[in-house]
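Working notes, beginning with the structure itself.
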Amino acid sequence: MGKDKLSIDKLDSENLSIENLDLTVDEIIDESADWEPLGPTPMPDMTSLRDWDRKLMKRYRPQYYPTCEQCCFCGFGVCDLSDGKEGACGLRLHDQVARKNFMRATWGVSAHTAHARDVVDEAIEKFGSDVPLDMGDHVTVEAPNIRLVCGTKPETLADLKDVLDYLEKEIVQEVDALHTGQEGDNIDFESKALNAGMLDHVGMEVADLAQIAAYDMPKGDPEAPLVDTGMGSVDREKPNILVYGHNIVGAEDIMRYAEENELWDEIEISGLCCTVLDMTRVDQHPKIVGSLASALKFIRSGVADVIVTDEQCVRADTFREANEVGSKVIATTSKICFGLPDRSDDSAAEIVDDMINNGQEGVLITDLEKVGEVAVKVAQKISDDRKEAKTSPSKEDLEENLDNCVLCGFCERSCPNDLPISEAMKEAKNGNLEKSADLYMNHCIGCGRCDESCPNGVEIMKVMEKAAEKEIKEEKYRVRVGRGPIRDTEIRDVGSPIVMGEIPGVVGLVGCSNYPDADEGFREPIYRLARELAERNYIIALTGCHAMDIAYFENEDGETLYEEFPGSFEAGGVVNCGSCVSNSHITGAAIKIANIFARMGLRGNYKEIADY
Ligand code: SF4
Ligand code: SF4
């Protein structure tokens, strides 16, 4: 594949006469490749599947419940779209809502595709372009999304670059379609959003295949190891490096540095969100602090000596919050720079010296080869001096904050989950910290809005943290490491039971952890749903925050769902595929059921498989 150009100034033959012909061939897909006949829509553009989308949405009409009835996207200023009014460009409210859906879908596909580009480029630089995309003996359909959408069969890291070229070209067209004065029909916006979602799974698949192949992550192993998760799993005595985000490439350098210098007994690498989930797929030393809901809580705890950020789901105030507790910050991607000086061209020794001795609180280092050395050396040097910052808030802190609370209830009204904060504060003022501790551990999703809203500057999260001092230390559970793809053999085994109804279906539990609250805690409904469905023989496939959060509950034998139910893709299986980019294995499994079990053609055959 690749771009080919042909120019002919003049050609005269018996049957053909050509003048001034310029021909550019964008992608060449070898239709004769013998692995499978080519279907009708390889590498679709934004309208290739439009007729199918429109049929689908005629049957399942989109319903809109707008949270905002204005548009402020263009130079006309703010347009009121309520009560059937049109904006200055002619756009109606339902068009605008659909446009925003599409916009969010483009964020998703661009985030995962950019992530994939980073992983592929870094892996090729480190290991070479001919690393095979070997997913193990049990996986022969190793890239179902890519085969289905692109019609190609990548075999090495280099082959993934062609897929990324296609995705990047399509994403530019999609972002353009969001511009004012472009699309004006809500169903067409929705069709474009579906297209972006389809491409998103291709981008995620590229990222996960590349990292599985390059970093030797589990290849569909249903018995992938169990690792610790929870704030209590972190050893607070050791120098601590907290990795934070979704992209393993920088964090992998820290692990490599620790391994090469035999430092695992001396330092603690902990992490938030998908970066650490992916690290545990490579090495089981790092500790999973938790999902997005644990981010602000753990950063404010001050336990991290150095925070290393990459991309996606990283709080915008990370550097400011880190400064408050004396943690140093290393940003490692061009996507999140926090206004920090770019030290990528300086030596590791110079950067370490400036961070320790010259008041450099944070740096941007995009040369990932230096990240491991800088992060580890800085953490080792400053850890002893930060002992006090790592302890939980003092009794005096608690009392001062409680004294300042006038029980006005502003905090409660700003809490997205409507938590009874003032009731907890009232009880705490009377010496009972139980309610505050319960809110912190089981109900608070760590957004920080309450602190922002308090007119008296009460540090509510600090009060709750102090109240939950003991529970934080005890928060320790076990999660199964992400196993990656579903094996072809598993697909063969479940095909018939799914068709016959013995397995009622495959349920994907995926997404971020800002769930609504419930009586038994914000994570509990996800856990209960997973348990209930597993008991009813569904196959439960999880990734990201959901994969971490179901681990917070144990049965009467002290087992988490990962210990109680099998990790294989079978009836009642609780399957952790991995990080967010491993979502592609869930759609991949559905695609493989159609391909392997129902024997439907895969290659460039999106409509038929999607219909199935
Ligand atoms: S907003 Fe502040 S003063 Fe008011 S109840 Fe909440 S913590 Fe107390
Ligand atoms: S930090 Fe917790 S308690 Fe405070 S507003 Fe957010 S969810 Fe509510």
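The sequence shown: position 85 = 278 (the numbering used here), numbered continuously.
C-beta atoms are modelled at their ideal positions from N, C-alpha and C, and glycine is treated no differently.
Given the structure is predicted, the values throughout are model-derived calculations rather than measurements.
Query                                                                                                                                                                        : Result
Quick one: Cα of I719 to Cα of I743, how far?                                                                                                                                : 6 Å
Please enumerate, following chain order, all residues with a beta carbon closer than 7 Å to at least one heavy atom belonging to ligand 1.                                   : N597, C598, V599, L600, C601, G602, F603, C604, E605, I614, S615, M618, C643, S646, C647, P648, N649, V651 and I653
Compare the C-alpha of S607 against each of I638, Q375 and A417 and name the closest.                                                                                        : I638
Quick one: what's C264 bridged to in DSSP?                                                                                                                                   : C272
Anyone know if the C-beta pair for A403 and V342 falls short of 7 Å?                                                                                                         : no
Could you check the C-alpha separation between G704 and C467 for me, to the nearest Å?                                                                                       : 11 Å
Leaving aside the five residues before and after E652 along the sequence, list all residues of the same chain whose C-beta is less than 7 Å from its C-beta, in chain order. : N594 and D644
Buried or exposed for E207, going by 16 or more other Cβ atoms inside 10 Å?                                                                                                  : exposed
Does DSSP classify L204 as helix, strand or coil?                                                                                                                            : strand
Any contact between the stretch 658-676 and the stretch 307-325? By contact I mean 3 or more CB pairs, one from each, below 8 Å.                                             : no
Anyone know if the C-beta pair for V302 and L392 falls short of 7 Å?                                                                                                         : yes
Following the continuous alpha helix (DSSP H) through V569, name the residue where it begins and the one where it ends.                                                      : V564 to I575
Pop quiz: V816 and I462 are said to be a contact at Cβ under 8 Å. What is the actual Cβ separation, rounded to whole angstroms?                                              : The structure shown does not extend to residue 816, since the chain spans only 194 to 805, so no value can be given for it.
Curious, which full-length beta strand (DSSP E) runs of at least 3 residues does the stretch 364-402 contain?                                                                : none
Which same chain residues end up closer than 6 Å to I492 when comparing Cβ atoms and leaving out the 5 residues on each side of it in sequence?                              : E514
Could you please give the first and the last residue of the uninterrupted alpha helix (DSSP H) stretch that includes I549?                                                   : A541 to N550
Taking only runs that begin and end inside the stretch 317-352, name each unbroken alpha helix (DSSP H) of 4 or more residues, in chain order.                               : 337-343
Between the Cα of F269 and the Cα atoms of E620, C282 and D547, which residue gives the shortest distance?                                                                   : C282
Let me check one thing: in DSSP terms, what residues is T502 bridge-paired to?                                                                                               : Y437 and A524
Restricting to Cα atoms, I'd like to know which of V571, S576, K580 and D539 is closest to D560.                                                                             : D539
Looking at P415: is its Cβ nearer than 7 Å to the Cβ of G760?                                                                                                                : yes
How about C282: is its Cβ closer than 6 Å to a heavy atom in ligand 2?                                                                                                       : no
My output table needs one value for N769: the three-state DSSP class, helix, strand or coil.                                                                                 : strand
Measuring straight from C-alpha to C-alpha, what distance separates G299 and A509?                                                                                           : Note that residue 299 is Thr in the sequence shown, not Gly. Between T299 and A509, the C-alpha separation is close to 20 Å.
Taking Cβ positions, are G766 and I732 nearer each other than 7 Å?                                                                                                           : yes
Of all the beta strand (DSSP E) runs that stay within the bounds of the stretch 708-790, which reach a length of 3 or more residues?                                         : 732-736 and 767-771
Answer yes or no: do F715 and H636 have a C-beta to C-beta separation smaller than 7 Å?                                                                                      : yes
So, helix, strand or coil for N213, using DSSP?                                                                                                                              : strand
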